[in-house]
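There are 2 protein chains.
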Amino acid sequence: MTESAARTALQLQSTVKKEGTLELALARVALPTPGPEEVLVRVDASPINPSDLGLLFGSADMTTARVSGDATLPVVTASIPPELMGALAARLDQALPVGNEGAGVVVEAGESEAAQALLGQTVAILGGAMYAQYRCVPAGLCLRLPEGTTAAEGASCFVNPLTALGMVETMKREGHSALAHTAAASNLGQMLNKLCLADGIGLVNIVRKDSQVEMLRGLGAQHVCNSSLPSFMDDLTDALAATGATLGFDATGGGKLAGQILTCMEAAACRGTKDFSRYGSTVHKQVYIYGGLDRSPTILERSFGMAWGIGGWLLPPFLGKIGFEAAQALRERVAAEIKTTFASHYTREVSLAEMLQREAIAVYGRQATGEKYLVNPNKDVAPAAG
Amino acid sequence: MTESAARTALQLQSTVKKEGTLELALARVALPTPGPEEVLVRVDASPINPSDLGLLFGSADMTTARVSGDATLPVVTASIPPELMGALAARLDQALPVGNEGAGVVVEAGESEAAQALLGQTVAILGGAMYAQYRCVPAGLCLRLPEGTTAAEGASCFVNPLTALGMVETMKREGHSALAHTAAASNLGQMLNKLCLADGIGLVNIVRKDSQVEMLRGLGAQHVCNSSLPSFMDDLTDALAATGATLGFDATGGGKLAGQILTCMEAAACRGTKDFSRYGSTVHKQVYIYGGLDRSPTILERSFGMAWGIGGWLLPPFLGKIGFEAAQALRERVAAEIKTTFASHYTREVSLAEMLQREAIAVYGRQATGEKYLVNPNKDVAPAAG
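One line per chain: the protein sequences are A and B, in this order.
Under my numbering, the final residue of the first sequence carries the number 386; numbering is consecutive throughout.
Under my numbering, the final residue of the second sequence carries the number 772; numbering is consecutive throughout.
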């Protein structure tokens with residue numbers, strides 16, 4: 001056995017067992033030696049995004065979580081509701097690595113010029129399996145961060161920034177001129193607000209609490225509507241009319257909110273028109289559901305004419321659709337503005353082992369606005385064991 | 387007053403009165419003399435389509451209909467539920483003509499060559515205001531019917547045939563290869579079935595009754611699923627997998643059906659795949675709602691991944707989007723196949739006065755599959771009064 005084949009490092013793995021339990025554990029996995037076009041990155045920072053939780057928790061009821069093992073190698077076990085097991089058939093008894101994005105330092109590089117150029121650099125990666133001490137990836141997958149940027153600052157270069165940019169890009173490509181956004185007080189929502197302010201794009205922020213209205217107004221937001229108020233539909237119609245927003249992005253998915261946005265867009269479109277049409281306005285109104293914070297059914301009252309659409313929106317196929325060059329331009333803008341427009345804020349930095357403690361799971365698992373954890377897989381552990 | 391200004395003919399008019407009642411009446415309106423590019427058509431046949439009923443009934447509760455006046459000039463009055471009056475604001479106290487399409491003979495023509503060429507011809511028109519003895523339209527709006535075609539045979543050249551063709555055209559333009567269709571036993575559904583059989587396109591027919599399954603099978607349909615059976619979801623998944631249909635057209639709009647189609651499309655797309663993705667398959671699944679037979683809310687369980695869309699679909703904007711030449715090609719195909727692929731069947735022919743009898747309203751107002759009325763505005767009445 002060569003030295004490199006014997007090297008191992010910790011990786012978080014999520015397993016759905018066929019008997020109906022989820023197991024989260026830290027495994028020692030072999031560290032590969034980078035091929036000519038590859039680099040080995042020491043992962044120093046990786047955020048826990050809502051989009052990581054589906055793979056991580058595998059539909060388990062995390063209030064049933066029990067932790068065994070010791071403090072450095074904890075094992076979490078939780079029950080999965082039987083009715084949800086059917087949808088998990090394709091991942092049964094496989095130990096799956098987790099963590100969509102992160103950043104770190106290139107500690108080894110293959111022979112190619114592109115790989116060698118990255119040695120010692122701090123890079124961001126959207127590659128999956130980032131909740132691990134090391135990650136070996138093609139050099140072309142690395143986004144080199146500007147001089148003086150830390151891994152923690154660059155950890156969230158992709159999911160939220162590219163989603164915010166993707167929303168604006170979708171708006172432009174589909175012929176709309178302003179946006180509405182739900183769960184607008186989220187990290188992503190604040191980022192979208194900054195982006196729209198920077199680019200002069202009208203944005204209607206939809207939140208559920210007065211404190212979130214105040215927070216967003218404090219960040220310069222012009223239009224913030226509180227869906228808990230009795231005046232919500234009127235407020236939303238006013239804001240949509242003022243901005244001309246005919247495209248919405250909904251993070252919640254369930255309940256009536258997506259349909260209410262369409263209804264208010266239609267009411268805004270009909271203001272000032274005199275001709276009656278039983279098919280409603282000819283203005284196309286679109287809402288994309290990009291998250292599932294509310295798992296209840298989507299309910300559409302269909303009081304918005306016939307020129308409307310609702311659909312799923314997901315970042316990777318969107319980036320695939322616009323093509324490599326257009327996507328790369330978005331990535332480069334993120335790197336250039338990672339400390340300003342696309343800066344993220346975290347409430348706590350945890351190690352891989354700390355991430356598997358019940359108290360931590362209870363906090364980041366709630367997906368509560370304003371609580372965001374950053375994982376540092378090399379916190380409190382020795383570097384790669386030889 | 388010149389002779390032509392004094393000529394009048396009957397026209398059905400629908401009025402929503404601000405006190406909350408609907409009034410349907412036959413009015414004597416002045417007959418215009420055609421301009422140079424216009425023709426005057428004696429309307430001999432006009433179908434009552436579901437798409438006519440919204441304008442005709444103005445949301446009134448037709449079980450409250452009372453008929454006054456005499457047998458030749460009846461007046462129907464019905465109550466409109468107060469909560470529906472808001473949406474009717476734009477049509478208050480206006481006597482609106484009704485009837486989307488129809489056919490008849492050109493009895494007068496303007497001086498232009500195009501208009502003169504139509505004199506004496508039987509033509510079909512999609513022009514609105516067809517529930518009238520005469521209709522004056524631009525010559526360019528007339529679809530000349532093949533020699534030997536009666537007005538009754540050509541009365542339904544547009545709404546159903548162009549909708550069926552529009553569904554197939556949408557399928558091709560949006561990259562799908564087969565279709566699913568609800569309320570498939572309808573006149574339109576039977577026409578779509580004939581069209582798909584003729585063109586070799588896979589079609590999944592969704593109906594609610596065993597008798598409708600038998601009827602469609604008798605017409606050669608290969609895939610017919612009965613949504614009333616406990617095995618519906620399995621049956622539908624099998625049929626969608628067999629045809630590869632990833633596009634559905636839903637006439638009902640309300641309830642869970644549109645979402646069930648997406649769920650079964652996703653299940654069909656996942657058959658045989660081994661890789662787990664929490665975002666579901668990457669196959670785009672689309673359902674267009676083109677009618678509102680079920681006015682209850684649309685309920686989406688969202689068990690179909692992220693690559694999906696639902697939206698409204700309406701014929702006129704679709705024809706506008708594909709452009710005049712493409713739309714004209716569809717119209718010409720309809721005229722050529724009006725006695726075969728696009729033949730319609732009617733259960734009764736009524737005069738304008740008979741259309742306003744309670745018994746008739748009760749039948750055609752139900753939008754029941756298999757009941758379709760044809761209006762002959764010149765039945766039982768004298769030609770244009772001088």
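The beta-carbon is built from N, C-alpha and C at its ideal position, and this holds for glycine as well.
Assign residue i to one of three DSSP states: helix, strand, or coil.
i, result
"Q643 of chain B", "Checking the sequence, you will find Leu at residue 643 of chain B rather than Gln. Reduced to three states, the DSSP call for L643 of chain B is helix."
"S437 of chain B", "helix"
"A326 of chain A", "helix"
"G291 of chain A", "coil"
"S61 of chain A", "Position check: residue 61 of chain A holds Asp in this sequence, whereas Ser was assumed. D61 of chain A falls in the strand class under three-state DSSP."
"T298 of chain A", "strand"
"Y732 of chain B", "coil"
"Q357 of chain A", "coil"
"K18 of chain A", "coil"
"C142 of chain A", "strand"
"T243 of chain A", "helix"
"Q399 of chain B", "strand"
"E533 of chain B", "coil"
"T463 of chain B", "strand"
"R366 of chain A", "coil"
Between the alpha carbons of residue i and residue j, how many angstroms are there, rounded?
i, j, result
"S59 of chain A", "E349 of chain A", "25 Å"
"A184 of chain A", "R302 of chain A", "24 Å"
"H284 of chain A", "A245 of chain A", "11 Å"
"V720 of chain B", "L548 of chain B", "8 Å"
"L203 of chain A", "K209 of chain A", "18 Å"
"L581 of chain B", "S400 of chain B", "35 Å"
"Q212 of chain A", "G666 of chain B", "32 Å"
"T2 of chain A", "A327 of chain A", "With a pLDDT of 43 at T2 of chain A, under the threshold of 50, the modelled position of this residue cannot be trusted; read the value that follows with caution. When rounded, the distance between both Cα atoms is 40 Å."
"T463 of chain B", "P483 of chain B", "16 Å"
"I434 of chain B", "Y288 of chain A", "36 Å"
"A404 of chain A", "C650 of chain B", "Residue 404 of chain A lies beyond the range of chain A shown here (1 to 386); nothing can be said about it."
"T638 of chain B", "Q519 of chain B", "33 Å"
"L398 of chain B", "Y517 of chain B", "6 Å"
"Q507 of chain B", "P524 of chain B", "14 Å"
"K758 of chain B", "G54 of chain A", "51 Å"
"L141 of chain A", "A117 of chain A", "13 Å"
"L374 of chain A", "F342 of chain A", "16 Å"
"S730 of chain B", "E711 of chain B", "25 Å"
"L262 of chain A", "M306 of chain A", "11 Å"
"V509 of chain B", "A515 of chain B", "15 Å"
"L319 of chain A", "A180 of chain A", "21 Å"
"A625 of chain B", "C656 of chain B", "14 Å"
"L73 of chain A", "S617 of chain B", "48 Å"
"A495 of chain B", "E533 of chain B", "19 Å"
"Q743 of chain B", "G272 of chain A", "38 Å"
"E214 of chain A", "G254 of chain A", "25 Å"
"E332 of chain A", "E38 of chain A", "21 Å"
Look at residue i and residue j and say whether their C-beta atoms are less than 7 Å apart.
i, j, result
"A268 of chain A", "T237 of chain A", "yes"
"L247 of chain A", "T182 of chain A", "no"
"V75 of chain A", "P377 of chain A", "no"
"A395 of chain B", "L417 of chain B", "yes"
"M191 of chain A", "A151 of chain A", "no"
"G365 of chain A", "M62 of chain A", "yes"
"V427 of chain B", "R521 of chain B", "yes"
"E354 of chain A", "A360 of chain A", "yes"
"Q367 of chain A", "P50 of chain A", "yes"
Between which two residues does the alpha helix (DSSP H) carrying residue i extend?
i, result
"D199 of chain A", "N187 to D199"
"S211 of chain A", "D210 to G218"
"N546 of chain B", "V545 to R559"
"A330 of chain B", "Since the first residue of chain B shown is 387 and the last is 772, residue 330 of chain B is not available in this structure."
Which residues bound the beta strand (DSSP E) around residue i?
i, result
"D636 of chain B", "L633 to D636"
"A124 of chain A", "T122 to L126"
"G309 of chain A", "W308 to G312"
"G588 of chain B", "G588 to V593"
"G488 of chain B", "E487 to A495"
"A387 of chain A", "As shown, chain A starts at 1 and ends at 386. That puts residue 387 of chain A outside it, with no answer to give."
"V224 of chain A", "H223 to N226"
List the whole-angstrom C-beta distance separating residue i from residue j, where the pair is believed to meet the contact cut-off of C-beta under 8 Å.
i, j, result
"L315 of chain A", "V168 of chain A", "Incorrect: roughly 13 Å between the Cβ atoms, too far for contact."
"L52 of chain A", "G99 of chain A", "For the record, residue 52 of chain A in the displayed sequence is Asp; it is not Leu. Going by Cβ atoms, the distance from D52 of chain A to G99 of chain A rounds to 6 Å, so yes, they are a contact pair."
"G309 of chain A", "I696 of chain B", "7 Å"
"L583 of chain B", "G552 of chain B", "Actually they do not touch by this definition, with Cβ atoms about 18 Å apart."
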